[in-house]
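Residue numbers (my numbering): 3 to 229.
Down below is the structure, laid out as structure tokens.
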């Protein structure tokens, strides 16, 4: 929207945009803390996306790459949508996060790391926590500004008795009902031609983009919302 564009450009130029509403110092401080938290979580999410992508194109991603090949999806398409692979390897995940100084609390806020029932431990990888996404092909959900706000993880074998898709939970930067998968890659074409094509799933969006139909999105679940 216009206000969002103004704020984003102002931030890049170091200009403070005056707010029309009157705020108390406490409200201003709370808004600033919320904005700082959201920006930090978006940066962590970007790191996570890099990690999952490295997994997809590394030794552990063979089965996921074979799945993409069987679905007719190219490496270029996978890279364009920043697809990844969540192997569920806790030790490797912990080493990556420690190397980039990502806190356990931020991973928990993003719903990527789940706390153990008995509480956090000071020993073991990830302080005894569990990874939400394990053995899933990862589809980053990118908003209109180009930020990764969440994930949709797909199992490779649909015969398994678990949910085919698993989405990120509600977080300070992700609300499922406000997102469309593929919105970022579709936005320029949709604006130019005045329509958007809605398809069933994430794989369909990537496949159609690969064939040149780029104004394509998918719902983040079984229903559409007003947003």
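Heads up, the beta-carbon is just placed ideally off N, CA and C, and yes, glycines get one too.
Under DSSP, the beta strand (DSSP E) around residue 291 begins and ends at which residues? Nothing can be reported for residue 291: it is not among the residues displayed for the chain, which extend from 3 to 229.
Could you tell me whether any Cβ in chain B is nearer than 9 Å to the Cβ of residue 209? Judged by its chain identifiers, the structure shown contains no chain B, having just a single protein chain.
Mind pulling the beta strand (DSSP E) runs of 3 or more residues that sit fully within the region 62-99? 86-88
Spatial neighbours of residue 140 within its chain, please: CB distance less than 7 Å, with the 5 preceding and 5 following residues excluded, ordered by chain position. On the chain shown, position 138 is the one that residue 140 refers to. 54, 85, 86, 87, 88, 153 and 155, listed in sequence order.
Put residue 51 into one of helix, strand or coil per three-state DSSP. Here residue 51 refers to the residue found at position 49 of the chain shown. Correct three-state label for residue 51: helix.
So, does the region 175-183 touch the region 217-227, judging by three or more C-beta pairs under 8 Å? yes
Is it buried or exposed for residue 274, if we count other Cβ within 10 angstroms and need 16 for buried? With the chain covering only 3 through 229, there is no way to say anything about residue 274.
Element boundaries [beta strand (DSSP E), containing residue 221]: Here residue 221 is taken as the residue at index 219 of the chain shown, counted from 1. First-last of the beta strand (DSSP E) with residue 221: 218-221.
Give the DSSP-derived three-state secondary structure of residue 177 in the structure shown. The residue labelled residue 177 in the question sits at position 175 within the chain shown. The answer is coil: DSSP assigns residue 177 none of H, G, I, E or B.
What separation, rounded to the nearest whole angstrom, lies between the Cα atoms of residue 15 and residue 190? Here residue 15 is taken as the residue at index 13 of the chain shown, counted from 1. Here residue 190 is taken as the residue at index 188 of the chain shown, counted from 1. Cα to Cα, the separation comes out at about 24 Å.
Let me know the secondary structure DSSP gives residue 130 once reduced to three states. The residue labelled residue 130 in the question sits at position 128 within the chain shown. Residue 130 falls in the helix class under three-state DSSP.
Let me make sure I understand the geometry here. Which of 184, 137, 150 and 174 has the alpha-carbon closest to that of residue 162? Here the question's residue 162 lines up with position 160 in the chain shown. Among 184, 137, 150 and 174, the Cα nearest to that of residue 162 belongs to 137.
If you compare alpha carbons, which of 206, 132 and 45 is closest to residue 120? Locating residue 120 in the chain shown gives position 118, counting from the first residue. Looking at the Cα atoms, 132 is the closest of the given residues.
List the whole-angstrom C-beta distance separating residue 102 from residue 49, where the pair is believed to meet the contact cut-off of C-beta under 8 Å. Taking the first residue of the chain shown as position 1, residue 102 is located at position 100. Taking the first residue of the chain shown as position 1, residue 49 is located at position 47. That pair is a contact at about 5 Å.
What residue range does the alpha helix (DSSP H) around residue 210 cover? Within the chain shown, numbered from 1, the residue matching residue 210 stands at position 208. Taken as a continuous stretch (DSSP letters only), the alpha helix (DSSP H) holding residue 210 covers 204-212.
Between the C-alpha atoms of residue 149 and residue 127, what's the straight-line distance to the nearest angstrom? Against the chain shown, residue 149 aligns to sequence position 147. Against the chain shown, residue 127 aligns to sequence position 125. One C-alpha to the other measures close to 28 Å.
What does the alpha-carbon distance come out to for the pair residue 111 and residue 58? As a first step, residue 111 must be located in the chain shown, where it is residue number 109. As a first step, residue 58 must be located in the chain shown, where it is residue number 56. One C-alpha to the other measures close to 24 Å.
Compare the C-alpha of residue 193 against each of 217, 184, 212 and 174 and name the closest. Within the chain shown, numbered from 1, the residue matching residue 193 stands at position 191. Nearest option by C-alpha distance: 217.
Could you name the residues of the same chain whose beta carbon sits closer than 6 Å to that of residue 151, not counting the 5 residues immediately before and after it, in chain order? Position 149 of the chain shown holds residue 151. Within the same chain, residue 151 has close Cβ partners 143, 145, 175 and 176.
Quick check on the burial criterion: 16 or more other C-beta atoms within 10 angstroms. Buried or exposed for residue 134? By one-based count along the chain shown, residue 134 stands at place 132. Flag for residue 134 reads buried.
So residue 154 is in the beta strand (DSSP E); what residue range does that whole segment cover? Working through the chain shown from its first residue, we reach residue 154 at position 152. Counting along the chain, the beta strand (DSSP E) containing residue 154 begins and ends at 150-156.
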